Structures are given as C-alpha cells and as structure tokens.
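Residue numbers 1015 to 1291, in my numbering, belong to the letters of the sequence shown in order.
Just so it is clear, CB atoms sit at the ideal spot from N, CA and C, and this is done for glycine as well.
Here the structure is a predicted model, which is why all the values come from computation and not from measurement.
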Amino acid sequence: MEEIVVIKCGGSTMDQLPDSFFQAIASLQQDGKKLVIVHGGGPAINAMLDRVQITPQFVDGQRVTCEDTLDVVEMVLCGSINKALVRRLTRAGAKAWGVSGIDGQTIVAEKTGKPLGWVGEIKQMNAAIPKAILTQGYLPVIAPLSVSTDGGNTFNVNADVAAGAVAAALGAEKLVMVTDVPGILRPQADGSKALVQETNAREIAAMIADEVITGGMIPKVTAALDALGQGVEQVVICKGTAEDLLAVCAGKEAGTTVRQMGGELHEYSNSFHESHE
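Here's what the structure looks like:
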C-alpha cells in the first residue's frame, strides 16, 4: 500500500473551499505526501447549461447526459473547473497537473444500462498517467470523464465513483471525500444531529434503510464501499477545511471514517448494490 491520499472535491463545495485548504495541500506535498485530486462540477455545469439554454434533467438524482449536455460537461470539467483548481493549488505553492480520465484512457467505461444517456460505468482504470505525474513531483488533478475501450466515445462518470476507482487503482492508503457537511450525521432525540465518527458496511446498510443516509450521501458511501472492497484501507468523509485534511493525513480523527470489516464487507456491499440497482 503506497502512501497516496486521493482527495475527492465535490462541485458544490469547491467555491467554498478556503485558501487555507489549498495551502494545507501544498504543505503536505512539500512534506513528501503523494496526493491526487478527483473533482466534480455539478453547479458549474448547471450554470453553463442555463447559459446555453439546455434544461438539466435527472433520473433518481443522477444527471441525464445527452450529446449536447456531454459537450458542456466536457468543456466545464476539463476546462474551467480543472484549470481553476490547478490555479488555486499553484497559488498556494503546490505543483499541480490537470488531466481527465480521457487522457491515456485513464478511465475506461461502458454506457450504463440506465436511461441516463452518455453516462458511463467504469470498467477499467489505467493508473499509468497519474503515477507518472506523481513521479515527476506533481499532484494529478483529474476530471471525471471517461472513454470507451476503442477511444471512440466519451462518457460522463459520477465523480464519487471515479474517485473510488482512482484510489483503488493507485493502491491509495486513504480516500478523502470532501463535502459540505462534517460527515455522516445521525438525528438525535432532541432534534440535533450527531457526527458518526466511524462506521462500516453493515452500519451503512442500516443507516440507508433507516433514511439516516439519503440523497447525495448515498453515492459517497457507495464509492467508499467499492474502494474498500478493492483494497483501500479507509475512506474519510469530511468537510473541506485545512484542519480536517491535515488531521486525516496525520491519522487523527476527523469527519466520518469508513473502514473495512473483514469478510463481511463484500456481503454487505453486494447486498447494498443489489438493493439500489
């Protein structure tokens, strides 16, 4: 297991990430930590679709990607969002290199069987380019687009799923999923919400059944279970602060940590996937 940490930055959080977050990344990189960022860009995609007068469509919370929408997705994710992240990292003192899953067939996918248009299901991860970038002392910043096996088609891919696949392919020690909440929150009797500091596949299945985990948190825990099933040691879901990021990379508590649970992991992750097909 290499000392690599994959950080997934959600599209809804990137405008909220403070300069100190990027300075923390630069500090970690300068200390020798190998970091990889996978990013989303939902709000920016929606804003551009609005500008070109394309109405966003969703099925069960997942974006429907028609050909016109795919053009916008590629332009925003590989262009404005990816390069904005590289600029912020560079200003903070980090060495960053922006790429997408299309480059070098890093993420190979097939069209999903769901009625989502040009949305792909990841079939293969080629870690050669991210590893080459890391070897040169840079931090790969990866846009979650994918390509077909023959290179002829481009697919949109859920950024949480892409981050999990990247972490597994790189043999990362940790996957850090940065979001706009402190982690998984459990409602309390007095109406407040308490942070779930540590959990596993069995507890996640129960929390989904009890509707403690809903909405956008579901693809995050799905990606977490997939990454754990492919050998990633732990996944942390946390808020985008320098304090949380530095704590996670130092092995201290922050956010919600999802850990492996031995042979039971596959049983619960498989049953979870079957119930959400």
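- The way I'd put it, the segment 1259 to 1274 does touch the segment 1234 to 1245; three or more beta-carbon pairs between them come closer than 8 Å.
- The beta carbons of C1080 and S1114 sit about 20 Å from each other, so the pair does not count as a contact at 8 Å.
- For N1172, no pairing in a beta bridge is given by DSSP.
- Rounded to the nearest whole angstrom, the CA to CA distance from E1225 to V1192 is 21 Å.
- Counting only the Cα atoms, N1096 lies some 17 Å from G1107.
- A1108 carries a coil assignment under DSSP once its states are collapsed to helix, strand and coil.
- Annotation: I1218 to A1238 spans about 10 Å, alpha carbon to alpha carbon.
- In the structure shown, T1126 falls within a coil segment according to DSSP collapsed to helix, strand and coil.
- Taking 8 Å as the cut-off, the beta carbon of A1208 is found closer than this to the beta carbon of R1200.
- With 16 or more other Cβ atoms inside 10 Å of its own Cβ, R1102 counts as buried.
- A check of alpha carbon separations from H1053 across P1070, K1047, L1189 and T1213 identifies L1189 as the nearest.
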